[in-house]
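Data block below; observations after.
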Amino acid sequence: MASTDFARQIAGYGLTTAGILYRLPDHPSILQEYVWQDYDLAPRFPQLNKFLAFWEAKLDGKLFRITVTHKDLIGPADLSAINGEFHLQ
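Per this note's numbering, the very first residue in the sequence shown carries number 180; after that it's consecutive.
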């Protein structure tokens, strides 16, 4: 049985990392970074947008800048069918 992460990668999800720079609520002149990482679909990034909507609705730190990187971990050239299996001792 394949893991859920592997199944998501086969479905087109890739590893997305967002560096979220935000202002501290008590000291708005100070910036702090939060790193978010999950499997997401580029270019719309529904998981990241859901997280950012939660952030703006529930958290006090005002967003300053978000840097997003995305990498498809499995591509068509990385996966190929095999005709047999060999066991070596």
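Ideal placement from N, C-alpha and C gives every residue a C-beta, glycine not left out.
On a predicted model such as this, the values are computed, not experimentally measured, just so you know.
Residue interval of the alpha helix (DSSP H) (run including residue i)
| i | result |
| --- | --- |
| D205 | Taken as a continuous stretch (DSSP letters only), D205 belongs to no alpha helix (DSSP H), as it is neither H nor E. |
| D184 | 183-189 |
| N228 | 225-237 |
Span of the beta strand (DSSP E), counted from its first residue to its last, around residue i
| i | result |
| --- | --- |
| L242 | 242-250 |
Pair within 8 angstroms by beta-carbon distance, residue i and residue j
| i | j | result |
| --- | --- | --- |
| L210 | F233 | no |
| L252 | L194 | yes |
Buried/exposed call for residue i, threshold 16 Cβ in 10 Å
| i | result |
| --- | --- |
| D239 | exposed |
| D205 | exposed |
| I199 | buried |
| R223 | exposed |
Member of the options whose CA lies at the smallest distance from the CA of residue i
| i | options | result |
| --- | --- | --- |
| A197 | A236, K241, L227 | L227 |
| K250 | Q216, L231, E235 | Q216 |
| Q185 | R223, Y218, L231 | It should be pointed out that residue 185 corresponds to Phe in this sequence rather than to Gln. Comparing Cα positions, the closest option is Y218. |
Neighbourhood of residue i by C-beta, 6 angstroms cutoff - its chain only, sequence neighbours within 5 removed
| i | result |
| --- | --- |
| V247 | A197 |
Cβ-based neighbour list, residue i, same chain, cut-off 8 angstroms, excluding 5 preceding and 5 following
| i | result |
| --- | --- |
| E235 | L242 |
Spatial neighbours of residue i in its chain, beta-carbon cut-off 7 angstroms, leaving aside the 5 residues before and after
| i | result |
| --- | --- |
| E212 | G198, I199, L200 |
| L220 | G191, Y192 |
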